[in-house]
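Written out below as structure tokens is the structure these notes cover.
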Amino acid sequence: PFRLIFFILVIITSLIAFTLIFRKREQLIYVKKKYIEIKNPKNIALERLNNLKVDGLIKDFYAELSHITREYIEDTYFIRTLEMTTGEITENKNLIKIDEIQLEFWINFLQKADKVKYAKELYTVEKMNSDMEKIFTWINKI
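Written as structure tokens, this is what we have:
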């Protein structure tokens, strides 16, 4: 009989302990996360252009300007232009569904930016401002 009473006491204390622990446990409250608002690629590109400073190195300026245009085309047309060279973009220009004149302007700009980045060609501040304005209008036209 002592063995039976002992097992019954163990079971009762286990049930009481389980009940107390279950009642005191922390209730999980699930909060739905707010996802980041997806911005329009044109707005992102124009915002980056507005924040671009002309008073730095010419190489850095044209590298950033080239990156802005490539990222804009990649986000708009889903073509991996950030990973492509200017020559590859020229070879595959039939994939980019924009006006032929606008496409030729962009390719010419990329070639000019490559000359600045890799051949160390120099331009004046006026030319840099002019190119930035041309890219600004180019993005607005597309």
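Going by this note's numbering, the first residue of the sequence shown is number 2, and it counts up by one from there. Don't be surprised by glycine CBs; every beta carbon is placed ideally from N, CA and C.
Pairwise C-beta distances place the segment 50-69 in contact with the segment 105-116, as three or more of them are shorter than 8 Å. In the three-state scheme derived from DSSP, where H, G and I count as helix and E and B as strand, Asp-56 is classed as coil. Taken through DSSP and simplified to helix, strand or coil, Lys-128 comes out as helix. Following the DSSP letters along the chain, one finds Lys-25 inside the alpha helix (DSSP H) bounded by residues 3-25. Here the segment 79-86 does not lie against the segment 37-56, with fewer than 3 beta-carbon pairs under 8 Å apart.
Under the three-state reduction of DSSP output, Asp-100 falls in the coil class, being neither helix nor strand. Closest by C-alpha distance to Tyr-63, out of Lys-142, Asn-141, Ile-143, Tyr-119, is Tyr-119. Collapsing the DSSP output to three states places Gln-112 in a helix. By the CB criterion at 8 Å, Phe-110 and Ile-143 fall outside the cutoff.
Of the residues assessed, Arg-81 falls on the exposed side of the cut-off, its CB having fewer than 16 other CB atoms within 10 angstroms. Residue environment: Ala-18 is assigned as exposed (fewer than 16 neighbouring CB atoms within 10 Å of its CB, all protein chains considered). Taking the Cβ atoms as the reference, Tyr-73 lies roughly 57 Å from Ile-22, outside the contact range of under 8 Å. With a contact defined as Cβ atoms closer than 8 Å, Val-55 and Val-126 qualify at about 6 Å.
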